[in-house]
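Residue 92 in my numbering sits at position 40 of the sequence shown, and the numbers go up by one each step.
Everything below concerns the one structure shown next.
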Amino acid sequence: MDAAFLQSKHDAGLTYDDYISTGTPDQKANWLQLGEQASLTDTQRKLVGSFVRRINVIALMGIWCGDCSQQGPLIQRVAEANPESVNVRWLDRDEHADLASHVRINAGARVPVLIFCAEDFELVGWYGDKTLSRYRRVARQQLGDSCPLPGAPVPYEELNAALTDWLNEIERVHLLLRLSGRLRKKHGD
């Protein structure tokens, strides 16, 4: 994936509010309900507020997806803490199959997937399907007797663990960009 392709996909992306508005009333309610529960701590907000490199993020999602409705609002909370540095645009995976085909995980077109780009849209990497804490939760449920449905309540501690997982990945990308020789030379820092 070259920078021009990634920039065109980012440019085609929607804001968070516009993206969740593409869903049915029930889908939108699922996203909004979890968004009301999600919040960063003061320490987390301060950390994200300290980011100086711009991270262009393409959030490849499915408005219908239970995992996306439980993780998308968490990603949005991180972005809201520093929108100048964490610039997220939201895309539907099925409408952007050309992009989804480049970020298949275990031979599948999975969601959610975040594609991280530098300020000039050079690819940094992608992360997705589920965070470690989400995989632990799903493994407990699916390898046991039950499977969660979209809109099912998420316990507070699991919500915070997933939020921390996403924040850690976004911080990792920021530090990669902050320490990048190419970008340090460009910015003289």
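Where a beta carbon is used, it is the ideal one built from N, C-alpha and C, also for glycine.
- Query: In terms of DSSP beta bridges, what is CYS169 paired with?
  - Reply: Beta-bridge annotation (DSSP): CYS169 is paired with ASN108, LEU175.
- Item | Option in TYR208, HIS226, ARG186, GLY65 with minimal Cα separation from CYS120 | Out of TYR208, HIS226, ARG186, GLY65, ARG186 has the C-alpha closest to the C-alpha of CYS120.
- Looking at HIS62 and ILE127, is the spacing between their C-beta atoms short of 9 Å? In terms of Cβ geometry, ILE127 and HIS62 do not form a close pair [threshold 9 Å].
- Task: Note down the Cα distance separating PHE103 from ASN134, rounded to an integer number of angstroms.
- Result: PHE103 and ASN134 have their C-alpha atoms roughly 8 Å apart.
- Boundaries of the alpha helix (DSSP H) in which VAL130 is found, first to last residue: That run of the alpha helix (DSSP H) goes 118-132.
- Query: Comparing alpha-carbon positions, which option in ASP150, GLU88, GLU171, MET113 lies nearest GLN59?
  - Reply: Per the Cα distances, GLU171.
- Is there contact between the stretch 66-83 and the stretch 136-149, where contact requires at least three CB pairs shorter than 8 Å? These segments touch.
- Query: What are the boundary residues of the beta strand (DSSP E) that includes ARG188?
  - Reply: Element bounds for ARG188: not the beta strand (DSSP E) but the alpha helix (DSSP H), 184-194.
- From which residue to which residue does the beta strand (DSSP E) around LEU248 run? The chain is shown from 53 up to 241; residue 248 falls before or after that span and cannot be answered.
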